[in-house]
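Enquirer:
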Amino acid sequence: MDCNKIIKKLKSCHFKEIISNKNWLEEDSTMYAKEIRPDIFLLFIMIKDPNAENTRALIAHFDDFKSVGITAPKQILFYLSIKSEKDLHYLEKYLKTKNELTTF
């Protein structure tokens, strides 16, 4: 999967690159974050280690944007290892379904 394509898309969607404290992430990882609800963030984590899962998506609860990348999340609400384009479609469907359920 083309990580550069994903990174370009994240930047165009106003995700911010986060320099992380390596306490809860692998070394040599890059994180992109965007707040999707108050104190709830959609994170994409890119790992440079070829033996690891290259890209992960998380929806996680943090105290605020400043704590993203510094402390571990208070709660991980969703986790997905992205290995193919199909996984990205799964994430898109999950977010769409979640938004539909919260409009009740």
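My numbering puts the first residue of the sequence shown at -13, with every later residue one more than the last.
Cβ coordinates follow ideal geometry from the N, Cα and C atoms, glycine included.
Source: prediction; values computed, not measured.
1. Assign E13 to one of three DSSP states: helix, strand, or coil.
2. One question on the structure: do M32 and T16 come within less than 7 Å of each other, judged by their Cβ atoms?
3. Could you have a look at E64 and say whether DSSP puts it in helix, strand or coil?
4. Kindly list the residues whose CB is nearer than 7 Å to the CB of P59, restricted to its own chain and excluding five residues on each side of it in sequence; keep chain order.
5. Does the beta-carbon distance from L28 to I22 come in below 7 Å?
6. Does the distance from the C-beta atom of K34 to that of D14 stay below 7 Å?
7. What three-state label does DSSP hand H47 in the structure shown?
8. Just curious, the alpha helix (DSSP H) that I(-7) is in, first and last residue?
9. Please report the distance separating the alpha-carbon of K(-9) from that of H75.
Expert: Based on what the coordinates show:
1. Look at E13 here: in three-state DSSP terms it is coil, with no helix or strand label.
2. yes
3. In the sequence on display, residue 64 carries Phe and not Glu. In this structure, F64 counts as strand in the three-state DSSP scheme.
4. A46, H47 and F48
5. Yes, Cβ-Cβ distance for L28 and I22 is below 7 Å.
6. yes
7. strand
8. C(-11) to S(-2)
9. 15 Å
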